[in-house]
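Visitor: Structure provided below as structure tokens; questions to follow.
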């Protein structure tokens, strides 16, 4: 019973927008992101399988959940580009769990890290 009360309280007091924002930013963290490691490849693959028109539809644009998914995928691609870029610069394979400090966010201010083209990768 206490578990049910605890879960109910947590669900009703959770700021859904903040939670979605935080989830979308998971791939941007420095170091290892188990969530990004497990989900990014599949999410990008599925995103690319969905017609572009869907993501531009009013329903997708107006949906907070769809925007969270889209942002998560964009951030997955930013993470991948950073890994690929650093691997080329260092002439070595950089593991996905080795995102350097301060994390992917640092690179977003550089033009090459701005908004990724989602259907390219």
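Numbering (the numbering used here), first residue to last: 971 to 1091. Just so you know, even glycine gets a beta-carbon here, dropped at the ideal spot from N, CA and C.
In or out: residue 989 buried (at least 16 other Cβ within 10 Å) or exposed?
Guide: Label assigned to residue 989: exposed.
Visitor: List the whole-angstrom C-beta distance separating residue 998 from residue 1048, where the pair is believed to meet the contact cut-off of C-beta under 8 angstroms.
Guide: Contact holds; Cβ gap of about 7 angstroms.
Visitor: To the nearest angstrom, report how far apart residue 1036 and residue 1003 are at their CA atoms.
Guide: Roughly 21 angstroms separates the two Cα atoms.
Visitor: Whole angstroms is fine: what's the gap from residue 1027's alpha carbon to residue 1021's?
Guide: Their Cα atoms are separated by approximately 10 angstroms.
Visitor: Could you give the distance in angstroms between the alpha-carbon of residue 987 and the alpha-carbon of residue 1039?
Guide: The straight-line gap from Cα to Cα measures roughly 13 angstroms.
Visitor: Would the beta-carbon of residue 994 fall within 8 angstroms of that of residue 1041?
Guide: Taking 8 angstroms as the Cβ cut-off, residue 994 and residue 1041 qualify as a contacting pair.
Visitor: Could you check the C-alpha separation between residue 1025 and residue 1031 for me, to the nearest Å?
Guide: The alpha-carbon atoms of residue 1025 and residue 1031 are separated by roughly 7 angstroms.
Visitor: Is residue 1045 buried or exposed, if buried means 16 or more other CB atoms sit within 10 Å of its CB?
Guide: It is buried - the Cβ of residue 1045 has at least 16 other Cβ atoms within 10 Å.
Visitor: Over what stretch of residues does the alpha helix (DSSP H) that includes residue 1031 continue unbroken?
Guide: Residues 1028 to 1032.
Visitor: Please report the straight-line C-alpha distance between residue 1010 and residue 1016, rounded to a whole angstrom.
Guide: Near 10 angstroms, if we compare the C-alpha coordinates of residue 1016 and residue 1010.
Visitor: Tell me whether residue 1048, by its Cβ, gets closer than 7 angstroms to a heavy atom of the ligand GTP.
Guide: This structure simply doesn't include the ligand GTP, nor any ligand for that matter.
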